[in-house]
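Residue numbers (full-length UniProt numbering): 1 to 279.
Just so it is clear, CB atoms sit at the ideal spot from N, CA and C, and this is done for glycine as well.
Predicted model only: the values in this text are computed from it and were never measured.
First up is the structure itself, then whatever we jot down about it.
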Amino acid sequence: MRAVKAPSADRAATARAAIRAGRHTGPTSGLAPGFAQANLVVLPHTHALDFLRFCVRNPQACPLLEVTDTGSPHPAAVASDADLRTDLPRYRVLRDGMCTDEPADISPYWDEHLVGFLLGCSFTFEWALAAAGLPIAHQRQGVNVPMYVTDRECVPAGAFHGPMVVSMRPLPAHHVPRAVEITGRFPAMHGAPVHIGDPADLGIDDLGVPDFGDPVRIAPDEVPVFWACGVTPQVVALNAAPPLAIFHAPGHMFITDRPHAHYDSAVRDHITETPEGHR
């Protein structure tokens, strides 16, 4: 297989610097093209082991990319110069299961007892779908992807329990097998769909009323396709109700130094690394 040259990691670092300086305050879709983005979960160390178990037991909903050392805001494996306290445009802070703040900087909340988790994000497989010429409805329609709470219970771990959340992208029926194959190459970014077709099989009553995100129009020749979603931990945290939990605000993700292709099982072993590429 032909080697794939990694894009310059400077692009990701520049995007994080703009966020840290307050020059970029909105969603991160389209920012630092070519680089994987991640969901953020921050918990007290007293809850971290149970959440780690939850991720291991529910890898499609919570594909784990990185866990920081206790007290450290630096995700050394995926962006060593980054700071999880400042490098996302907006956060959600929950206390005892209730959202109390949506700041642009969580430094005032950070202490030596916190652990940061970064989870895979569907922006990467969307990049792969788009590269293959498959239509992505919410991008064409200029809205956020619709997300739904299902009746499929995750495998519990300690205080962490609750339903899986899914994202939905309608596709023409003849594109569905190709979409399954493409997204299946990205197990660290939610992987292949968890369901195709009737939303009632997931306990979803009305696709026009998502629990998160925005509804999308579905054409007569399109089939709803559902993937496990990184919003699942936020729903589960409402049940666990730790004294403090911090997440990314929807659409306001963490940008890693890892190119999308790093997570593509079909090509990752053929990425060439250069001084300007992924380090």
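Short Cβ contact (8 Å threshold) for residue i with residue j
i           : j           : result
residue 166 : residue 214 : no
residue 118 : residue 181 : no
residue 243 : residue 96  : yes
residue 231 : residue 147 : yes
residue 134 : residue 79  : no
residue 176 : residue 196 : yes
residue 254 : residue 84  : yes
residue 121 : residue 38  : yes
residue 170 : residue 236 : no
Option nearest residue i by Cα separation, candidates the options
i           : options               : result
residue 107 : 69, 20, 253 and 68    : 20
residue 111 : 12, 127 and 69        : 69
residue 225 : 136, 23 and 132       : 136
residue 92  : 221, 40, 115 and 15   : 40
residue 98  : 238, 249, 250 and 248 : 238
residue 86  : 16, 267, 131 and 265  : 16
residue 174 : 220, 246, 208 and 140 : 220
residue 109 : 265, 245, 254 and 249 : 245
residue 104 : 205, 45, 46 and 24    : 24
residue 115 : 229, 250, 76 and 206  : 76
residue 240 : 48, 30 and 18         : 48
residue 212 : 130, 249, 218 and 18  : 249
Buried or exposed by the 16-neighbour rule on C-beta atoms within 10 Å, applied to residue i
i           : result
residue 58  : buried
residue 257 : buried
residue 2   : Confidence at residue 2 is low in this model, with a pLDDT of 43, below 50, so its placement is unreliable and the value that follows should be read with caution. Exposed, since its Cβ has fewer than 16 Cβ neighbours within 10 Å.
residue 33  : exposed
residue 145 : buried
residue 234 : buried
residue 126 : buried
residue 113 : exposed
residue 82  : buried
residue 42  : buried
residue 172 : exposed
residue 200 : exposed
residue 138 : buried
residue 128 : buried
Contacts around residue i, its chain only, beta-carbon distance under 7 Å, and the 5 residues preceding and following it disregarded
i           : result
residue 124 : 36, 186, 189, 260 and 263
residue 252 : 27, 28, 88, 89 and 90
residue 191 : 60, 183 and 184
residue 50  : 157, 158, 159 and 160
residue 228 : 60, 61, 164, 166, 190 and 194
Sequence-distant residues of its chain with Cβ nearer than 6 Å to residue i (five each side left out)
i           : result
residue 150 : 163, 164, 166, 202 and 203
residue 101 : 93
The ligand MN heavy atom lying under 7 Å from the CB of residue i
i           : result
residue 264 : The ligand MN is not among the ligands present in this structure, which contains no ligands whatsoever.
Interface flag, residue i vs chain B, CB-CB below 8 Å
i          : result
residue 14 : Looking at the structure shown, chain B is missing, and only one protein chain is on hand.
Those residues which DSSP pairs with residue i across a bridge
i           : result
residue 157 : 160
residue 101 : 93
residue 227 : 167
residue 38  : 120 and 254
Contacts around residue i, its chain only, beta-carbon distance under 8 Å, and the 5 residues preceding and following it disregarded
i          : result
residue 12 : 32, 35, 79, 255, 256 and 257
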